[in-house]
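Structure first, then comments.
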Amino acid sequence: MKKFKKVLLVAAAGIAAIGLAACGTTGLKSGSDSSSKAVTEKKPSEIKVGFSVSTTNNPYFVSMKNGLENFAKKSDTSVKTADAQNDSATQSNDINNFISQKVDVIIVNPVDSDAIVPAVKAANTAKIPVICVDRGSNGGTVLTTVASDNVAAGKMAADFVVKQLGEKANTLELSGIPGASSTVDRGKGFESVGKTSLNILSSQSANFDRAKALDVTQNMLQANKDVKAIFAQNDEMALGAAQAVKSAGLSNVLIIGIDGEPDAGAAIKDGSMTATVAQQPAKMAEEAMQAAYDHYAGKTVKKTTVSPIYLVTKDNVDKYKW
703 MKKFKKVLLV AAAGIAAIGL AACGTTGLKS GSDSSSKAVT EKKPSEIKVG FSVSTTNNPY
763 FVSMKNGLEN FAKKSDTSVK TADAQNDSAT QSNDINNFIS QKVDVIIVNP VDSDAIVPAV
823 KAANTAKIPV ICVDRGSNGG TVLTTVASDN VAAGKMAADF VVKQLGEKAN TLELSGIPGA
883 SSTVDRGKGF ESVGKTSLNI LSSQSANFDR AKALDVTQNM LQANKDVKAI FAQNDEMALG
943 AAQAVKSAGL SNVLIIGIDG EPDAGAAIKD GSMTATVAQQ PAKMAEEAMQ AAYDHYAGKT
1003 VKKTTVSPIY LVTKDNVDKY KW
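Final position of the sequence shown in my numbering is 1024; the numbers increase by one with none missing.
Below is the structure:
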């Protein structure tokens, strides 16, 4: 996605820096650093990339996939993409296939930050550099991790709820895939504010899935009809929650997600969603690809790259480039 206004970039960078200092962890955990090792230099057109994306059923990750492939095409870089369909075993098999095909670099958007570790270590053994994007690996050696500060994103969402509704507002939380670094860190950021400033009635997983979130939210609402806000750890779940709220005949329920996908923008415009903490999946993918180019150019690659985040509401939704 293209950038907002320059002033928002500066603000987002400041928020990310605060999150790094105050929270300790950011969703950018990347195992051991391998960027200092000498490599045989290669031109971008000589590099073969294996890209494993967690799912293409989510528009957010489709944007990431398209961003990487389009960026690579400009330099005639060969990319083989595999869709893990949110299954850790499938993702491990895909990465093992990349290893057997002797790709030059593996870029992975992990389904699960723990389950991906053996595959990362297998790539390490084969001396193939690994780059994580959007989510990190909890072990093995990776060249770099490119991601938003997910702790800061969760905190930003909680701060927004408190600002709009005041202290102790009755709130429901929809969490993502158990074990994914983004699930852990977004939850950590949200609860760092929510545990003291909000009344979190229930927190349940909906696996980052819209249909699952619809079902889970419907069940949660049956027991919590006095809810004032719903925080979903991604926009797909926020959209499912919005459907559930509408079906239940409730009004004035604040709904906030994270990601910044086009459907969320439309929902914010029509009022069914209140806000989203927007990321830049295509930009993250481009930065991951650039890290591969820099590595094979003999340049030093930073262990982590923090991608900016933005709070998008009805007031500025038309300014954000979806």
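Backbone N, C-alpha and C fix where the C-beta goes; we use that ideal spot for every residue, glycine too.
The structure displayed is predicted, hence computed values, not measured ones.
- DSSP places ASN954 outside both helix and strand once states are collapsed to three, so it counts as coil.
- The three-state secondary structure of GLN992, taken from DSSP, is helix.
- Per DSSP, reduced to three states, the secondary structure at GLU875 is strand.
- Beta-bridge partners assigned by DSSP to GLN906: LEU876.
- Assigned with DSSP and collapsed to three states, SER884 falls in helix.
- DSSP places SER850 inside the beta strand (DSSP E), whose first and last residues are 846 to 850.
- For a cut-off of 8 angstroms, the C-beta gap from THR978 to ALA940 is around 7 angstroms, short enough to register as a contact.
- Of the residues ASN826, ALA824, ARG837 and SER794, the one whose Cα lies closest to the Cα of SER815 is ARG837.
- Taking a C-beta distance under 8 angstroms as the contact criterion, SER1009 and SER850 qualify as a contact pair.
- With respect to LEU867, ASN926 sits apart: the two C-beta atoms are not nearer than 8 angstroms.
- As DSSP reads the structure, VAL832 sits in a beta bridge with ILE808.
- Taking 8 angstroms as the cut-off, the Cβ atoms of SER747 and PRO983 do not count as close.
- As computed with DSSP, SER754 is found in a beta bridge with ALA784 and VAL810.
- Under the criterion of beta carbons closer than 8 angstroms, GLY878 and GLN924 do not qualify as touching, at roughly 22 angstroms.
- Distances from the alpha-carbon of THR846 to those of ALA993, ILE957 and ALA828 put ALA993 closest.
- In this structure ASN760 is buried. Its beta-carbon is surrounded by 16 or more other beta-carbon atoms within 10 angstroms.
- Contact between ALA855 and ILE1011 holds: CB atoms are separated by about 5 angstroms, below the 8 angstroms threshold.
- From the listed residues LEU770, ASP917 and LYS829, the smallest Cα separation to ASN798 is found for LYS829.
- Membership of SER765 in the alpha helix (DSSP H) is indicated by the continuous run 761 to 776.
- Taking 8 angstroms as the cut-off, the Cβ atoms of PHE800 and LEU1013 do not count as close.
- Contact between ILE818 and ILE833 fails: their C-beta atoms lie close to 12 angstroms from each other, not under 8 angstroms.
- Counting the other CB atoms within 10 Å of its CB gives ASN921 a total below 16, which places it among the exposed residues.
- Put simply, the region 945 to 959 touches the region 970 to 977. At least three CB pairs are less than 8 angstroms apart.
- Beta-bridge partners of ASN901 (DSSP): ASN872.
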